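**Student:** Residue numbering for the sequence shown follows our numbering, beginning at 3 and increasing consecutively.
We put the beta carbon where it would ideally sit given N, CA and C, even for glycine.
Note that the coordinates shown come from a computational prediction; the quantities given were computed from them, not determined experimentally.
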Amino acid sequence: MQTSPILYAGALMVSLAAAPVRAQEPPAPLSLQEALELFGQNSPELRIARSRLRSALGSALQGRAIPNPIASITNEDLGPYSERYFNLSQRVDFVWEGGSRSRRAEARASEARARFQVDSARLALDVKRAFVDAWQQGSIVSALNEVDGVVADVLDDAGARFAEGDLAGYDLRRLRVARASVGRRLVRADVALGEAERRLGSMVSGDATLSRVRPAVSLASGAIRGAASLLADRVTDRVAVDRALARRPELAAARAATDALAAEASLARTSRLSGTAVTGGFKQQSDGRSGLFLGVQLPIPVIDRRAGAVEAASAEVDRAESELDLQRIVVAREASLANARLAGAERQRALLGDSGIEQAAELLRIARIAYEEGEMGIVELVDAADAFLEARLLDTSVRADLMHAIHELEHAMGGFSPETDDGAER
3 MQTSPILYAG
13 ALMVSLAAAP
23 VRAQEPPAPL
33 SLQEALELFG
43 QNSPELRIAR
53 SRLRSALGSA
63 LQGRAIPNPI
73 ASITNEDLGP
83 YSERYFNLSQ
93 RVDFVWEGGS
103 RSRRAEARAS
113 EARARFQVDS
123 ARLALDVKRA
133 FVDAWQQGSI
143 VSALNEVDGV
153 VADVLDDAGA
163 RFAEGDLAGY
173 DLRRLRVARA
183 SVGRRLVRAD
193 VALGEAERRL
203 GSMVSGDATL
213 SRVRPAVSLA
223 SGAIRGAASL
233 LADRVTDRVA
243 VDRALARRPE
253 LAAARAATDA
263 LAAEASLART
273 SRLSGTAVTG
283 GFKQQSDGRS
293 GLFLGVQLPI
303 PVIDRRAGAV
313 EAASAEVDRA
323 ESELDLQRIV
333 VAREASLANA
343 RLAGAERQRA
353 LLGDSGIEQA
363 AELLRIARIA
373 YEEGEMGIVE
383 LVDAADAFLE
393 ARLLDTSVRA
403 DLMHAIHELE
413 HAMGGFSPET
423 DDGAER
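Structure (structure tokens):
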């Protein structure tokens, strides 16, 4: 592994605006907060989302623009007589038309900001999922390595005992099969760990080097239990749904889109007089006479009264309102489901704690001592190692499920913080 002279944590404390880490692996495991900060600095997906935001804000700003005046010079040469015109024309928006354009621009800008928050929240959730997945795979490899070490030590001793005639061939073969089984699982777990750490690494580095990143977290049972219990005490299903309806940026974007289409419909109703212009200028004749002139260009809505455009705009508003209602249902359902998943993960964690699974490591140590003292056979020791491994894997799976559930609920609610504004999730 290539080692950087500066730890990520120190770099982040010195300056959050430091140059993105490129083409190198982090010298130390990263915390979730550090991973999110590096992701915010380096992610191409987030840069794409920011570009979309700037583009949408630019389009919204352009929608407020007043058309430029048009200047022209005309010379009419009629032989001995000629006329010359200096014209200046300006398209005029009526007050109601300008108001509709302004409301549409403001709504489009609000929609663009909310869409960016949607993208940011989704991408942050992806990083959190990848972080927990990498931790889970690392814990699996650690457990398998521990069991593999125990079985390997016992296998060395068993070979010597078999040569001396103190061990049956069945027991030796049983031990070799156990070692091969653990080794196979370890190889597969190593591959999965590399994939998970490279996925996390690609997210935080934003490049194609596929550097591996290790999560710096123990997910201690006490810390998880305390955090999840705090959430369970504070967040009921009704509270989760209410906060989601008030905070989720998807709803803010849908409301802004509806407002923009309503302004568009208002503009369509007043567009019958669109194109009104005022023209003024100076006229000069060859006989020496000259003067100012003023004119007005006003559409007469006799043939085309824009009925089709008005109907289409009204239908778009109805569609947007229905989509907003549907989005409310989806958001409420997601918040309720995420809250239920967290409650289920908490119950699993409580059951696991009551089962005494956290003492599995101590039981394996006792079993190994008993084997060394001749009070336990190889089959019993292998069974103890298998029980320890399954207990560790179950504990890891339940902890990972709990962390996933916490992150899913945080996303579904639009954030846990009481002061979080609409769509202000990080």
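Under three-state DSSP, which class holds Thr76?
**Tutor:** Here Thr76 sits in strand by DSSP.
**Student:** What is the rounded straight-line gap between the Cα of Asp128 and the Cα of Gln35?
**Tutor:** Cα to Cα, Asp128 sits roughly 14 Å from Gln35.
**Student:** Relative to the alpha-carbon of Arg105, which residue among Ala182, Ala259, Pro46, Met205 has its alpha-carbon at the smallest distance?
**Tutor:** Ranking the options by Cα distance to Arg105, first place goes to Ala259.
**Student:** What residue from Ala267, Ile305, Ser207 has the CA that sits closest to Glu313's CA?
**Tutor:** With distances taken between Cα atoms, Glu313 lies closest to Ala267.
**Student:** Less than 8 Å between the beta carbons of Leu395 and Ile142, yes or no?
**Tutor:** Yes.
**Student:** Where does Arg307 sit, in a helix, a strand or coil, going by DSSP?
**Tutor:** It is coil, neither helix nor strand.
**Student:** Less than 8 Å between the beta carbons of Thr281 and Asn89, yes or no?
**Tutor:** Taking 8 Å as the Cβ cut-off, Thr281 and Asn89 qualify as a contacting pair.
**Student:** Taking only the alpha-carbon atoms, compute the straight-line gap between Arg186 and Ala347 and give it to the nearest angstrom.
**Tutor:** Between Arg186 and Ala347, the C-alpha separation is close to 30 Å.
**Student:** Alpha carbon to alpha carbon, how far is Leu232 from Arg249?
**Tutor:** For Leu232, the predicted structure reports a pLDDT of 49, less than 50, and the residue's modelled location is therefore unreliable. The matter cannot be settled from this model.
**Student:** Would you decide whether Met415 is buried or exposed? Buried here means 16 or more other CB atoms lie within 10 Å of its CB.
**Tutor:** Flag for Met415 reads buried.
**Student:** May I have a chain-ordered list of the alpha helix (DSSP H) segments no shorter than 4 residues that lie completely inside the stretch 352-408?
**Tutor:** You should have 362-374.
**Student:** Beta strand (DSSP E) containing Asn89: first to last residue?
**Tutor:** Unbroken beta strand (DSSP E) run through Asn89: 83-93.
**Student:** Taking 7 Å as the cut-off, is the CB of Val298 close to at least one heavy atom of the ligand ATP?
**Tutor:** With respect to the ligand ATP, the structure offers nothing, as it holds no ligand at all.
**Student:** Contact defined as beta carbons within less than 8 Å: I believe Ala107 pairs with Ala73. What is the distance between those atoms, to the nearest angstrom?
**Tutor:** Actually they do not touch by this definition, with Cβ atoms about 27 Å apart.
**Student:** Could you spell out where the beta strand (DSSP E) holding Val280 opens and where it closes?
**Tutor:** Taken as a continuous stretch (DSSP letters only), the beta strand (DSSP E) holding Val280 covers 279-287.
**Student:** Since Leu169 and Ala182 should fall inside the 8 Å C-beta cutoff, what is the C-beta to C-beta distance between them, to a whole number of angstroms?
**Tutor:** About 18 Å; that fails the 8 Å criterion.
**Student:** Just tell me which of Gly101, Val298, Asp158 has its CA closest to the CA of Ile68.
**Tutor:** For the residues Gly101, Val298, Asp158, the minimum Cα distance to Ile68 belongs to Gly101.
**Student:** Output the distance between the C-alpha atoms of Ala265 and Asp79, rounded to the nearest integer angstrom.
**Tutor:** Roughly 48 Å separates the two Cα atoms.
**Student:** Indicate whether Ala334 and Val243 have their beta-carbon atoms separated by less than 8 Å.
**Tutor:** In this structure, Val243 lies closer than 8 Å to Ala334 by Cβ.
**Student:** Shortest alpha-carbon distance to Glu336 belongs to which of Leu263, Ala246, Glu166?
**Tutor:** Checked all of Leu263, Ala246, Glu166; the closest Cα to Glu336 is Ala246.
**Student:** Starting from Ser292 and walking both ways along the alpha helix (DSSP H), at which residues does that stretch end?
**Tutor:** Looking at the DSSP string, Ser292 is not in any alpha helix (DSSP H); the run it does join, the beta strand (DSSP E), is 292-299.
**Student:** Pull up the distance between the alpha-carbon of Glu27 and that of Phe41, whole angstroms please.
**Tutor:** In this prediction, Glu27 has a pLDDT of 45, which is less than 50 and means its spatial position is unreliable; what the coordinates show is noted afterwards. Going by the C-alpha atoms only, they are around 14 Å apart.
**Student:** Which same chain residues end up closer than 7 Å to Val120 when comparing Cβ atoms and leaving out the 5 residues on each side of it in sequence?
**Tutor:** Same-chain partners within the cutoff: Pro251, Glu252, Ala255.
**Student:** State the DSSP-derived secondary structure class of Leu32, mapped to helix, strand or coil.
**Tutor:** Strand.
**Student:** Using CA atoms only, rank isn't needed, just tell me which of Leu177, Ala407, Arg291 is closest to Ile380.
**Tutor:** Among Leu177, Ala407, Arg291, the Cα nearest to that of Ile380 belongs to Leu177.
**Student:** Within the continuous alpha helix (DSSP H) that includes Gly167, where are the two ends?
**Tutor:** No alpha helix (DSSP H) holds Gly167; DSSP gives it neither H nor E.
**Student:** Excluding the 5 residues preceding and the 5 following Arg131 in the sequence, name in chain order all residues of the same chain whose CB lies nearer than 8 Å to its CB.
**Tutor:** Here the set comprises His406, His409.
**Student:** May I have a chain-ordered list of the alpha helix (DSSP H) segments no shorter than 4 residues that lie completely inside the stretch 127-211?
**Tutor:** The stretch 127-211 contains these whole alpha helix (DSSP H) runs: 171-207.
**Student:** Quick one: what's got a C-beta closer than 8 Å to Ser288's C-beta in the same chain, skipping five residues either side?
**Tutor:** So the list reads Pro82, Tyr83, Ser84, Glu85, once near-sequence residues are dropped.
**Student:** Please classify Arg117 as buried or exposed, where buried requires at least 16 neighbouring CB atoms within 10 angstroms.
**Tutor:** Label assigned to Arg117: buried.
**Student:** Is the Cβ-Cβ distance between Pro301 and Gly277 less than 8 Å?
**Tutor:** Yes, these two residues count as a Cβ contact at 8 Å.
**Student:** Under a three-way DSSP split, which group does Pro251 fall into?
**Tutor:** Pro251 falls in the helix class under three-state DSSP.
**Student:** Alpha helix (DSSP H) containing Ala218: first to last residue?
**Tutor:** Where Ala218 is concerned, there is no enclosing alpha helix (DSSP H), given that its DSSP letter is neither H nor E.
**Student:** Mapping the DSSP letters down to three states, classify Ser61 as helix, strand or coil.
**Tutor:** Here Ser61 sits in helix by DSSP.
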